[in-house]
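Chemist:
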Amino acid sequence: MLCQAICQAAEVAGHLWQKGWAERNGGNLTLNITEYADGDMRSLPALEPPRPIGTELPYLKGCYFYCKGTNRRMRDLARHPMENGAIIRITEDAAHYEIIADAVVLPTSELPAHLSVHNYLIGKGSSYKASLHTHPTELVAMSHHRPFLEKDVLTQLLWSMIPETRAFCPRGLGIVPYMLPGSIELAETTIRTLDEGYDVVLWEKHGVFAIGENITEAFDMVDTLVKSAQIYQDARSMGFEPEGMSGLQMRQLADAFGLPK
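Start counting the sequence shown at 7; every next residue gets the next number (this note's numbering).
#1: Am I right that Leu-231 and Leu-155 are in contact with their C-beta atoms under 8 Å? What's the rounded C-beta distance?
#2: Could you tell me if Tyr-184 is buried or exposed, where buried requires 16 or more neighbouring beta carbons within 10 angstroms of its beta carbon?
#3: Check each candidate in Gly-60, Tyr-70 and Met-227 and name the one with the smallest Cα separation from Ala-173.
#4: Measuring straight from C-alpha to C-alpha, what distance separates Leu-254 and Arg-177?
#5: Throw me the rounded Cβ distance for the Thr-61 and Ser-122 pair, which I believe falls under 8 Å.
#6: Can you tell me which of the three DSSP states Thr-199 falls into?
#7: I need the DSSP call for Glu-62, collapsed to helix, strand or coil.
#8: Can you find at least 3 beta carbon pairs, one from the region 65–84 and one from the region 14–33, that sit closer than 8 Å?
#9: Can you tell me whether Ala-193 is buried or exposed? The criterion is at least 16 other CB atoms within 10 Å of its CB, across all chains shown.
#10: Which residue marks the beginning of the beta strand (DSSP E) containing Asn-38, and which one marks its end?
#11: Take Met-251 and list the residues in its own chain whose beta-carbon comes closer than 6 Å to its own, dropping the five residues that flank it on each side.
#12: State buried or exposed for Gly-213, treating a residue as buried only when at least 16 other CB atoms are found within 10 Å of its CB.
#13: According to DSSP, is Tyr-70 helix, strand or coil?
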């Protein structure tokens, strides 16, 4: 099962590169793999001294994660996931991590943000195990337009472009104003936004952050939102404002499929 989870991560990394959402070393992903930590994994020695996370995350004590490496490319992770990522263990003080496999590949520079979100998820009893950060061109472009950054403006717009977006991204798209990438402030604001009920948030002028039961689910939500953004932008490029589904049509869709209002 651990191999399956890491293979899923490699597959998603390939999709991100092919779609143009992972330029150079752009984007990150982190998987909580604690459920797969058998006796052999737990007995693995640290490959180097513990490194500080930058904050204390009490729910992560003794947890295990697979993380993309810093300055590693998604296109390389897709082919060689254990050469471009690492398995880490959170130490007993919940403030440090140690790399245990397969080599000393330092995790993403945005590890504090990812781990802070996982700490939040465990604390609220969530079954979500995956976090994904990527740079979808269409959504980042829309974040440069101030009116789109008002609460739920983009959610309503993207929902209205195609029924699947309302169905498969039922929680919509949260908005996080621009903050320094990799900062604890960005992590804390992302958590507050997720806590409002979103599974995907848009980091202004930067990218998106998504959570899910697994990495494929997180990717699928971003992919669906981008489809709506493409429909909107294609209509505008043809010289007209797309009509979108009406409020009544979207309410009927929500009623028919039992979606949250």
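For each residue, glycine too, the CB sits at the ideal point set by N, CA and C.
Modeler: The answer reads as follows:
#1: Reading the sequence shown from its first residue, position 225 is the one you call residue 231. Reading the sequence shown from its first residue, position 149 is the one you call residue 155. About 15 Å separates the two Cβ atoms, so there is no contact after all.
#2: Against the sequence shown, residue 184 aligns to sequence position 178. It is exposed - the Cβ of Tyr-184 has fewer than 16 other Cβ atoms within 10 Å.
#3: Indexing the sequence shown from 1 puts residue 173 at position 167. Among Gly-60, Tyr-70 and Met-227, the Cα nearest to that of Ala-173 belongs to Met-227.
#4: Mapped onto the sequence shown, residue 254 falls at position 248. Mapped onto the sequence shown, residue 177 falls at position 171. Cα to Cα, Leu-254 sits roughly 18 Å from Arg-177.
#5: As a working note, residue 61 is residue 55 in the sequence shown. As a working note, residue 122 is residue 116 in the sequence shown. The Cβ separation is near 7 Å, so the contact holds.
#6: The residue you call residue 199 lines up with position 193 of the sequence shown. Three-state result, Thr-199: helix.
#7: For the purposes of this step, residue 62 is taken as the residue at position 56 of the sequence shown. Looking at Glu-62 - three-state DSSP - the assignment turns out to be coil, as it is neither helix nor strand.
#8: yes
#9: For the purposes of this step, residue 193 is identified with residue 187 of the sequence shown, where counting begins at 1. Around the beta carbon of Ala-193, 16 or more other beta carbons sit within 10 angstroms, so the residue counts as buried.
#10: Against the sequence shown, residue 38 aligns to sequence position 32. Its beta strand (DSSP E) spans residues 34–38.
#11: Start at 1 with the first residue of the sequence shown, and residue 251 comes out as number 245. The answer, listed in chain order, is Ser-166.
#12: In the sequence shown, the residue the question calls residue 213 occupies position 207. Answer is buried; the Cβ neighbour count reaches 16.
#13: In the sequence shown, the residue the question calls residue 70 occupies position 64. Three-state result, Tyr-70: strand.
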